[in-house]
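Let me begin by presenting the structure, written as structure tokens, before commenting on it.
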Amino acid sequence: SPSAPWPFQQSAVLASGLLCPSVTLAASDAEGQGEEVAEGVRKLAANIPGLGPSDVGYPLDFQGKWTAQKVLAGIETPAGEEAAEADELAKAKARLGKSNEFPIRFLKYGDRVIADREFNTKQLVQSEDGKEASVQWKMSNPNLLSISYGSGEMVERKVTKRSASMDQKAGTVEFSEYTRIAELGSGGSLMARGTVPEIKARWLRGRYKIVSPQRVEGILIEYFLPSSKPEPSAATLKLKYRLRLDKLVE
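In my numbering, the protein residues as written are 2 to 251.
Spelled out as structure tokens, the structure:
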């Protein structure tokens, strides 16, 4: 996958003999070369649909409900403002520097903790856009999420590339996701209607760290992309967010 916008110090969660059985290292070479090889395997797997992790795993202390404060801290238009999506750029300028607060939660799924994408997306849409929405998502199929608005508009999001690492002891998680987004202006199944959906794409990169038992801090970087060029370097709009999560007592 493309280089990260900050210096990730990732463990290669995808590196294993099952993914790359031909890679062997002598004991004397492992210390110097192991991390480089593992990172190469991680990058390769992240770019092949189906080989990335099924979902982003979080430290166990993330489980539960939090209040999120999300602040848009920076806007970049690498190809000039005229190349950016006009409506997205206008919304970003209106939100720059403002704090947006909403609840989010993380759920135990098997032996892992994952984000409740259904609940979190619904809360975010309501908070940022002031819209009520119906969200469909399953923990067993975390890469597909659909949003239906009262106006009849529908949006389908499909994650096709993902890489992630988590350090339970340090309380950190880092991830990168590439998402294809199909939009329709009226209701009905995206697959069944004759209307051709508008296709967009996003790269989302994030880093979270537990700074106290009741607080998590993080950074998110969102890249708005032409769907034909799934690389952050092709972004027409780049948004950087600061996040703070405060644990809610249940």
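Even glycine gets a Cβ: it sits at the ideal position worked out from N, Cα and C.
Would you report the Cα separation of residue i and residue j, rounded to the nearest angstrom?
i                 : j             : result
threonine 173     : lysine 71     : 18 angstroms
arginine 181      : aspartate 62  : 30 angstroms
phenylalanine 120 : glutamate 82  : 33 angstroms
alanine 74        : alanine 91    : 15 angstroms
arginine 208      : arginine 118  : 17 angstroms
aspartate 112     : proline 60    : 11 angstroms
glutamine 215     : glutamine 64  : 11 angstroms
valine 151        : glutamine 124 : The sequence shown places glycine at residue 151, rather than the valine named in the question. Taking the straight line from one Cα to the other gives about 15 angstroms.
alanine 69        : glutamate 175 : 17 angstroms
aspartate 130     : lysine 109    : 29 angstroms
lysine 241        : glutamate 77  : 9 angstroms
isoleucine 105    : alanine 84    : 33 angstroms
valine 212        : glutamate 218 : 7 angstroms
serine 135        : serine 149    : 5 angstroms
lysine 159        : alanine 95    : 28 angstroms
Which residues does DSSP pair with residue i in a beta bridge?
i              : result
alanine 165    : Phe176
valine 212     : Bridge partners of valine 212: none, in fact.
asparagine 101 : Lys71
valine 114     : Tyr59, Lys109
glycine 207    : Phe176, Leu221
valine 136     : Ile148
glutamate 202  : A small fix is needed here, since residue 202 is alanine in this sequence, not glutamate. Alanine 202 is bridged to Arg181, Leu226.
Taking Cβ positions, are residue i and residue j nearer each other than 8 angstroms?
i              : j             : result
proline 231    : alanine 202   : yes
tryptophan 138 : lysine 248    : no
leucine 244    : alanine 236   : no
serine 141     : glutamate 157 : no
lysine 206     : serine 166    : The amino acid at residue 206 is misidentified as lysine; the sequence shows arginine. No, the Cβ-Cβ distance between arginine 206 and serine 166 is not below 8 angstroms.
isoleucine 115 : aspartate 168 : no
In this structure, how does DSSP classify residue i when only helix, strand and coil are distinguished?
i             : result
glutamate 119 : helix
leucine 249   : coil
arginine 243  : strand
alanine 69    : strand
serine 152    : coil
alanine 27    : Confidence at alanine 27 is low in this model, with a pLDDT of 35, below 50, so the placement of that residue should be treated as unreliable; the coordinate-derived value is given next. If DSSP states are grouped into helix, strand and coil, alanine 27 belongs with coil.
alanine 183   : strand
methionine 64 : Methionine is not the amino acid found at residue 64; the sequence shown has glutamine there. Coil, per DSSP.
proline 233   : helix
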